[in-house]
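Below is one structure; the comments refer to it alone.
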Amino acid sequence: MLDIVTGIILKPVETFRQIKGKKLFWLATLVLIVSLSPVWNISNTEVWIGRPTAIVLFEYLVGSLLGFVSMGIYALIVFPISRLINGTGSFLDTYQALGFSVLPCLFTAPVMVLRFLTASLGFLTSVLDLIELGLICWTIVLGVIALREVHQLTTGRAVSAYVSPFVVLFLLLGLVVFIITLVAGSLIGM
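Residue numbers for the sequence shown follow my numbering, so the first one is 44 and each next one is one higher.
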């Protein structure tokens, strides 16, 4: 387990090639939940102060569940797109690879805590923001590498598969706005 986690950080291409076809669903889910929980939860640290522990714990659990569900939906969109552009991996490969690719998000937790503790120091906050931006970029790069390796795609095709859920979301939002505009326009004309 530790060799996979360190491999994702130090040798991502080799590690993603090694995990293809292996059944690591629970490990990928654990990495996903542990890595995304800080992102969903620590960003609200200021809100937690003075709140009952049970509520904070409940919000933490809900945040963890949201991370798991959102990655599942993301993988459900990315997988058929990857197959459509001649990818060879399975849905399990896609989910596992994307789950492992969010590992750098684990390091955002200490950065967020430091930002909260040093909020009055403007320069340090800017440095922490840059570190967090770097971690987010590394997560995106790992996601593209993961899709490229488990689906045996070119880098360009892996990028298009990686951004496809955002395109789908944008199109759905556009459709909703169009329908609302159409309905509102027909109501005004009555």
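Think of the CB as a built atom: it goes at the ideal place given N, C-alpha and C, for glycine as much as any other residue.
Within 10 angstroms of its Cβ, does residue 227 collect 16 or more other Cβ (buried), or is it exposed? Here the question's residue 227 lines up with position 184 in the sequence shown. Exposed is the label assigned to residue 227, since fewer than 16 other Cβ atoms lie within 10 Å of its Cβ.
Taking just the CA atoms, how far does residue 176 sit from residue 139? Here residue 139 is taken as the residue at index 96 of the sequence shown, counted from 1. Here residue 176 is taken as the residue at index 133 of the sequence shown, counted from 1. Distance between the alpha carbons of residue 139 and residue 176 is about 24 Å.
Under 8 Å between C-beta atoms of residue 201 and residue 220: Walking along the sequence shown from the start, residue 201 turns up at place 158. Walking along the sequence shown from the start, residue 220 turns up at place 177. No; because the gap between Cβ atoms is not below 8 Å, this pair is not in contact.
Helix, strand or coil at residue 95 according to DSSP, with G and I counted as helix: Taking the sequence shown and counting its residues from 1, one reaches residue 95 at position 52. Coil at residue 95, not helix or strand.
Any beta carbon from chain D within less than 8 Å of residue 118's own beta carbon? Annotation note: the requested chain D is absent from the structure, which comprises a single protein chain.
Using a threshold of 8 Å, state whether the C-beta atoms of residue 111 and residue 193 are closer than that. Taking the first residue of the sequence shown as 1, we reach residue 111 at position 68. Taking the first residue of the sequence shown as 1, we reach residue 193 at position 150. Annotated as distal: residue 111 and residue 193, with beta-carbon spacing of 8 Å or more.
Tell me whether residue 162 sits in a helix, a strand or coil according to DSSP, three-state version. If you number the sequence shown from 1, residue 162 lands on position 119. Residue state, collapsed to three classes: coil.
Does the contact criterion of 3 or more C-beta pairs under 8 Å hold for the segment 116–125 versus the segment 203–213? Yes: the two stretches touch, three or more of their Cβ pairs being nearer than 8 Å.
When the distance is taken between beta carbons, is residue 178 closer than 8 Å to residue 150? Indexing the sequence shown from 1 puts residue 150 at position 107. Indexing the sequence shown from 1 puts residue 178 at position 135. Going by beta carbons, residue 150 and residue 178 fall inside the 8 Å limit.
Quick one, are the C-beta atoms of residue 146 and residue 48 less than 8 Å apart? Residue mapping note: residue 146 aligns to position 103 of the sequence shown, counting from 1. Residue mapping note: residue 48 aligns to position 5 of the sequence shown, counting from 1. The Cβ-Cβ distance between residue 146 and residue 48 falls below 8 Å.
So what's residue 187 in DSSP terms, helix, strand or just coil? Working through the sequence shown from its first residue, we reach residue 187 at position 144. In this structure, residue 187 counts as helix in the three-state DSSP scheme.
Thinking C-alpha only, which one of 183, 161, 102, 113 is nearest residue 52? Indexing the sequence shown from 1 puts residue 52 at position 9. Nearest to residue 52 by C-alpha distance, out of 183, 161, 102, 113, is 183.
Any idea if residue 142 is buried or exposed, counting beta-carbon neighbours within 10 angstroms, 16 or more meaning buried? As a working note, residue 142 is residue 99 in the sequence shown. Result: buried.
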